[in-house]
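There are 4 protein chains.
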Amino acid sequence: MRLVQDGERVLLLSPRGKQMLVTIHDGERLHTHKGLIEHSDVIGIPYGSPVRSHTGELFYVMRPSIHDELMGLRRASQVIYPKELGEILLRLDLRPGREVIEAGTGSGAMTMAFANAVRPGGRVYSYDRRTDMLVLAAQNIERVGMGETVTFVERDISEGFLHHEVDALFLDVRNPEDYLESASQALADSGHLGLLVPTVNQIIAVLEALEGMAFVDIDVLEILQRHYKPVPGRVRPEDVMVGHTGYLLFARKIRRAPPAQPPLPEPNQREASSP
Amino acid sequence: MRLVQDGERVLLLSPRGKQMLVTIHDGERLHTHKGLIEHSDVIGIPYGSPVRSHTGELFYVMRPSIHDELMGLRRASQVIYPKELGEILLRLDLRPGREVIEAGTGSGAMTMAFANAVRPGGRVYSYDRRTDMLVLAAQNIERVGMGETVTFVERDISEGFLHHEVDALFLDVRNPEDYLESASQALADSGHLGLLVPTVNQIIAVLEALEGMAFVDIDVLEILQRHYKPVPGRVRPEDVMVGHTGYLLFARKIRRAPPAQPPLPEPNQREASSP
Amino acid sequence: MRLVQDGERVLLLSPRGKQMLVTIHDGERLHTHKGLIEHSDVIGIPYGSPVRSHTGELFYVMRPSIHDELMGLRRASQVIYPKELGEILLRLDLRPGREVIEAGTGSGAMTMAFANAVRPGGRVYSYDRRTDMLVLAAQNIERVGMGETVTFVERDISEGFLHHEVDALFLDVRNPEDYLESASQALADSGHLGLLVPTVNQIIAVLEALEGMAFVDIDVLEILQRHYKPVPGRVRPEDVMVGHTGYLLFARKIRRAPPAQPPLPEPNQREASSP
Amino acid sequence: MRLVQDGERVLLLSPRGKQMLVTIHDGERLHTHKGLIEHSDVIGIPYGSPVRSHTGELFYVMRPSIHDELMGLRRASQVIYPKELGEILLRLDLRPGREVIEAGTGSGAMTMAFANAVRPGGRVYSYDRRTDMLVLAAQNIERVGMGETVTFVERDISEGFLHHEVDALFLDVRNPEDYLESASQALADSGHLGLLVPTVNQIIAVLEALEGMAFVDIDVLEILQRHYKPVPGRVRPEDVMVGHTGYLLFARKIRRAPPAQPPLPEPNQREASSP
Chain A
85 MRLVQDGERV LLLSPRGKQM LVTIHDGERL HTHKGLIEHS DVIGIPYGSP VRSHTGELFY
145 VMRPSIHDEL MGLRRASQVI YPKELGEILL RLDLRPGREV IEAGTGSGAM TMAFANAVRP
205 GGRVYSYDRR TDMLVLAAQN IERVGMGETV TFVERDISEG FLHHEVDALF LDVRNPEDYL
265 ESASQALADS GHLGLLVPTV NQIIAVLEAL EGMAFVDIDV LEILQRHYKP VPGRVRPEDV
325 MVGHTGYLLF ARKIRRAPPA QPPLPEPNQR EASSP
Chain B
85 MRLVQDGERV LLLSPRGKQM LVTIHDGERL HTHKGLIEHS DVIGIPYGSP VRSHTGELFY
145 VMRPSIHDEL MGLRRASQVI YPKELGEILL RLDLRPGREV IEAGTGSGAM TMAFANAVRP
205 GGRVYSYDRR TDMLVLAAQN IERVGMGETV TFVERDISEG FLHHEVDALF LDVRNPEDYL
265 ESASQALADS GHLGLLVPTV NQIIAVLEAL EGMAFVDIDV LEILQRHYKP VPGRVRPEDV
325 MVGHTGYLLF ARKIRRAPPA QPPLPEPNQR EASSP
Chain C
85 MRLVQDGERV LLLSPRGKQM LVTIHDGERL HTHKGLIEHS DVIGIPYGSP VRSHTGELFY
145 VMRPSIHDEL MGLRRASQVI YPKELGEILL RLDLRPGREV IEAGTGSGAM TMAFANAVRP
205 GGRVYSYDRR TDMLVLAAQN IERVGMGETV TFVERDISEG FLHHEVDALF LDVRNPEDYL
265 ESASQALADS GHLGLLVPTV NQIIAVLEAL EGMAFVDIDV LEILQRHYKP VPGRVRPEDV
325 MVGHTGYLLF ARKIRRAPPA QPPLPEPNQR EASSP
Chain D
85 MRLVQDGERV LLLSPRGKQM LVTIHDGERL HTHKGLIEHS DVIGIPYGSP VRSHTGELFY
145 VMRPSIHDEL MGLRRASQVI YPKELGEILL RLDLRPGREV IEAGTGSGAM TMAFANAVRP
205 GGRVYSYDRR TDMLVLAAQN IERVGMGETV TFVERDISEG FLHHEVDALF LDVRNPEDYL
265 ESASQALADS GHLGLLVPTV NQIIAVLEAL EGMAFVDIDV LEILQRHYKP VPGRVRPEDV
325 MVGHTGYLLF ARKIRRAPPA QPPLPEPNQR EASSP
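Chains as they are written, first to last, in the working numbering: chain A, 85 to 359; chain B, 85 to 359; chain C, 85 to 359; chain D, 85 to 359.
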């Protein structure tokens, strides 16, 4: 049985699904839409316990997951891709000890997900040219205690990256096709490139730029998530869903560009791509 | 620059996308559809290098990712959910040091993904009642060097789990609704439950069984991945796609069941902006 | 060149995509969010012409399509399925001369689409037990000049249908499984049954009820439409899309129930269903 | 009760879903995979009746729908879009009396669907430059008795269309952007343009070409159909689905190009409610 300690970060979860993330400090108060909660009421109780605000509203005290933290940032900044995130972490093969570059930093949401995946022992180099974004992201990263895993770099990446031999590199910038050469130089051989772009025009531009470069195993995909109402007697998909965040592209770096390939003939027998 | 060492596991990748996973042993030979490759030709060369079979066929020598290993298992057993995997890892909040139960083991693919996510310091308890599956899975796990992170348990889970206070628990069994009580007892407070079922009938059965139990934040979803042909002049989705693997359900354990909630009123406004 | 005549129904379309449907009556005025338009300004001009409100706002005068009329009703009542409609018309094989029953009537949107498809020479029998809905629907149908093709019937369909030997029958009611026997009696042999239900529970209930009945060629499907921003330099799907309206089921009536079939073995080689 | 007449076209439907379309001629025999059926055994029996081959195999004798005929053509030629078809008919507002141009003709499947929608009183002008395709299509159209509704035109449409003032025009050709000017000239004011292209590159090319032309209400969309296994105890989507046929674009012709519009500001709020 784990008890909530002073200084820990907790998630307060209402039965209706409202979520609040807060770092517990003895003596402080949390102001919710449904009344006040004294932090001291939470300290020392087991995780998973109910707690009530001064108006009697019920909340559960939960350990926050990295997904909760990202959703918290998402409510603030809107520039995160939760439905793509699991796939990105998997495809970049991020694990303890790995080094990864990301550009740009944005609100630090992806930074946080990357840092969570490569610690202990790994490192995230997060590039952005905007000081204000870097300051905001650094605050978000410090709040969740991941500061020592991340190096923030204020720099225009059109001048190239300062770090090299990284295991993976993720581009979330306006014109990723302009930075593929720099990305290739920063990646270790056999390293993973990932990027996310919102438009089909950008996917075309990136694919054109990749021709003749030292990347193989190029995969372009998009991910749709469909959530269902969890009511046993009336199970059905939500009426409205996220229709698009962006197109993902993954590729792997080799030591030099492959020889040009004659195109494959169009198959007569259409086959499923791998899922 | 990393050089391939004797005993390492490598991915051989053809320009056409063919993939072969092999553990390098000096003196051995790999038989491909396109000719022989001497393992000794690969030892000592940098990752990302080209290598040719005795018939001149080109391959690249890459470091395998966890995704590659899972895809390799998938080609053998067909019972894996790569498009759901990233989301499962994220939503169960698996990270170094965490403990997770899975049932059943199957070919060990999910076991591998879980072990990769919780090491170092974590542990996977993988339950199955079939000896042959456990033997197969153990071989697959040993091959990728994750044996010390996994405990295999031969047991019918209708008798309950032997491990408790785990951070997460994943059910991939025929009638998950029958094991929710056992799952609840095995999970630590605030722990994460996940399950995957193929049919809508099973989702209904699980949601019914969850009523009155000590779980909150229930989320039912499905994931669709759409892959595109990466040809710059003719970008378009693949003609055929995976239409379904299963429905995912996630929930979080609390210390006791929440009070019954009056249902939310159905919204009057139920249509999205665009037609 | 077609000129707008007094008494005709026109669509006013703004360059931004705003749509207004109006029947032109000399001497009347249309009040838009962007100023007044005199009906007399529209009479006698060619379709496709621009017209300006008294504040200078631009509109185009277009011939309304059946889709425009349905979208107009949709803005008023919210209970229409434009993304399913084309498929429903096709699968019920509605064409001039055919007879079709629908239950319930609702706002008359489906009634309108059916009437449009079966005229000249065909007939729609539209059943509802609510007088107010029938009155509303009749007004909507009269407005588009289809009154003579539709027979409205105020009746609880649990007592059966009054019309028989119809070519097609569409159920859009709460518990369609309760009315399948009546539907079967009303349909001509080889006739088409269609229904739409929002939940998976209802699909299960309907499939159970159909077992042993004289229906074959059962097809359950759902339709997703994904709209794109039509901006040449930034083509991408809309951020938000309709995630669900309902599940469609189609079947065909035969003269008596087929003999029970042994289940097909699950295929080893998974195949695509017909699109 | 309708009885099968000599000379009528029927669908033979097996309980397993096998479909065969045949025109009944007294004295002829149908050779199926499951034995012979004498046409004379079918003549005079009611539609919806069972009939057995000489080996005892069961079939139902059904009236064929236009959808059946299209599916029959599809099995032969693969170049039809049944999941898009209902939407195309609806959006082009095809109904009795309307005139529509299509290019190209292909196997005549779309021609058939268009002819079915505009008769009586309407007309389809179907353009192709390949004599062999026109001959094939004409045979397919004659077989279903729609010959008098269709005019086939052997012509390279880069020289423009011979017919004008048509209500709708559909392009299913390799470079539709090259024919938009001709399409505009052939369409009546307020007429409907539709086209289908497989790649995103083509959608971009068409949208670029439409800029400055006399078209409004441009809508780009794609349609996904998801079919479910109709087994009451195990309802779930088919494992494999059609992932793509093409992108649809619809627009409406006005009398002259609209003035250039300033772009709408990008919305700040771009995320849907659920993650």
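Backbone N, C-alpha and C define an ideal beta-carbon position, used for all residues, glycine too.
1. Among C/Val219, C/Arg214, C/Ile225, which residue has its Cα nearest to the Cα of C/Val208?
2. Determine the chain D residues that contact A/Asn200 at a beta-carbon separation under 7 Å, and present them in chain order.
3. Does C/Ile172 have its Cβ less than 9 Å from a Cβ in chain D?
4. Quick one: what does DSSP say D/His248 is sitting in, helix, strand or coil?
5. Measure the alpha-carbon distance for A/Ala222 versus C/Lys313 and round it to whole angstroms.
6. Under the three-state reduction of DSSP, which class applies to C/Pro359: helix, strand or coil?
7. Take the Cβ of A/Glu232 as the centre, count every other Cβ of all protein chains shown within 10 Å, and call the residue buried at 16 or more, exposed below.
8. Consider the Cβ of A/Val208: report whether some Cβ of chain C lies at a distance smaller than 9 Å.
9. Listing by chain order, which chain A residues have their CB less than 8 Å from the CB of B/Tyr263?
10. For the region 229 to 247 of chain A, which residues have a CB atom closer than 8 Å to at least one CB atom of chain B, in sequence order?
11. Mind listing, in chain order, the continuous alpha helix (DSSP H) runs of no fewer than 4 residues lying wholly within the region 309 to 343 of chain D?
12. DSSP on A/Tyr131, reduced to helix/strand/coil?
13. Is there contact here, the region 235 to 246 of chain C with the region 90 to 97 of chain D, by at least three beta-carbon pairs under 8 Å?
14. Does the region 165 to 172 of chain A touch the region 303 to 319 of chain A, meaning 3 or more C-beta pairs lie closer than 8 Å?
15. Quick one: is C/Thr215 buried, meaning 16 or more other Cβ sit within 10 Å of its Cβ, or exposed?
16. Could you run through the region 281 to 294 of chain B and flag, in chain order, every residue whose CB is less than 8 Å away from some CB of chain C?
17. Can you tell me where the alpha helix (DSSP H) with A/Ala289 in it begins and where it stops?
18. Along the chain, where does the alpha helix (DSSP H) containing C/Arg227 start, and where does it finish?
19. Going by beta carbon distance, what residues of the same chain come within less than 8 Å of C/Met325, once the five residues before and after it are set aside?
20. Is DSSP giving C/Leu95 helix, strand or coil here?
21. Pick from B/Val319, B/Arg227, B/Leu264, B/Phe245: whose alpha carbon is nearest that of A/Leu333?
22. Does DSSP classify B/Asn352 as helix, strand or coil?
23. Does the contact criterion of 3 or more C-beta pairs under 8 Å hold for the region 264 to 271 of chain B versus the region 256 to 271 of chain A?
24. What does a CB cutoff of less than 6 Å around B/Met360 pick up in its chain, not counting 5 residues either side in sequence?
25. Give the range of the beta strand (DSSP E) segment to which C/Gly119 is assigned.
26. Within 10 Å of its beta-carbon, does C/Asn259 have 16 or more other beta-carbons around it, so buried, or fewer, so exposed?
27. For C/His123, which residues in chain D fall below 8 Å Cβ to Cβ?
28. In whole angstroms, what is the alpha-carbon distance linking C/Glu112 and C/Leu220?
29. What three-state label does DSSP hand D/Gly156 in the structure shown?
30. How is the alpha helix (DSSP H) around B/Met104 delimited, first residue to last?
31. Can you say whether D/Leu218 is buried or exposed, counting buried as having 16 or more other CB atoms within 10 angstroms of its CB?
32. With 16 as the cutoff for other CB atoms within 10 Å, does A/Gln353 come out buried or exposed?
33. Identify the continuous alpha helix (DSSP H) that holds C/Met194 and give its terminal residues.
34. Between C/Leu255 and C/Ala187, which are expected to be in contact by the criterion C-beta below 8 Å, what is the C-beta distance as a whole number of angstroms?
35. Check this for me: beta carbons of D/Gly278 and D/Leu253, under 9 Å apart or not?
36. Would you kindly check if the distance between the Cβ of C/Gly140 and the Cβ of D/Ile338 is under 9 Å?
Short version:
1. Checked all of C/Val219, C/Arg214, C/Ile225; the closest Cα to C/Val208 is C/Ile225.
2. Simply none; closest approach about 18 Å.
3. yes
4. coil
5. Cα to Cα, the separation comes out at about 35 Å.
6. Confidence in C/Pro359 is poor, its pLDDT being 32 and thus under 50, which makes the residue's placement too unreliable to answer from.
7. Under this definition A/Glu232 is an exposed residue.
8. No, no contact with chain C.
9. Within chain A, no residue comes near B/Tyr263; the closest Cβ sits about 18 Å away, beyond 8 Å.
10. Of all residues in the region 229 to 247 of chain A, none has a Cβ within less than 8 Å of some Cβ in chain B.
11. none
12. coil
13. In the pairwise beta carbon analysis, the region 235 to 246 of chain C is classified as not touching the region 90 to 97 of chain D: fewer than three pairs are separated by under 8 Å.
14. Three or more Cβ pairs drawn from the region 303 to 319 of chain A and the region 165 to 172 of chain A lie within less than 8 Å of each other, which places the two stretches in contact.
15. exposed
16. Val284, Asn285, Ile287, Ile288
17. 284 to 294
18. Start and end: 215 to 227.
19. Leu308, Gln309, Arg310, His311
20. strand
21. B/Val319
22. The predicted model places B/Asn352 with a pLDDT of 39, which falls under 50 and marks its position as unreliable, so this point remains unresolved.
23. Flag = no, the region 264 to 271 of chain B and the region 256 to 271 of chain A do not touch.
24. Missing from the structure shown is residue 360 of chain B; chain B here goes from 85 to 359 and no further.
25. Element bounds for C/Gly119: 119 to 122.
26. exposed
27. Result: empty, since nearest Cβ-Cβ is about 18 Å, beyond 8 Å.
28. 23 Å
29. helix
30. From DSSP, B/Met104 is part of no alpha helix (DSSP H) but of the beta strand (DSSP E) over 103 to 107.
31. buried
32. Low confidence applies to A/Gln353: its pLDDT is 33, below 50, so where it sits in the model is not reliable, and the reading given next is rough at best. The residue is exposed, with fewer than 16 neighbouring Cβ atoms inside 10 Å.
33. That run of the alpha helix (DSSP H) goes 193 to 202.
34. Rounded, the Cβ-Cβ distance is 6 Å, consistent with contact.
35. yes
36. No, they are not a contact pair.
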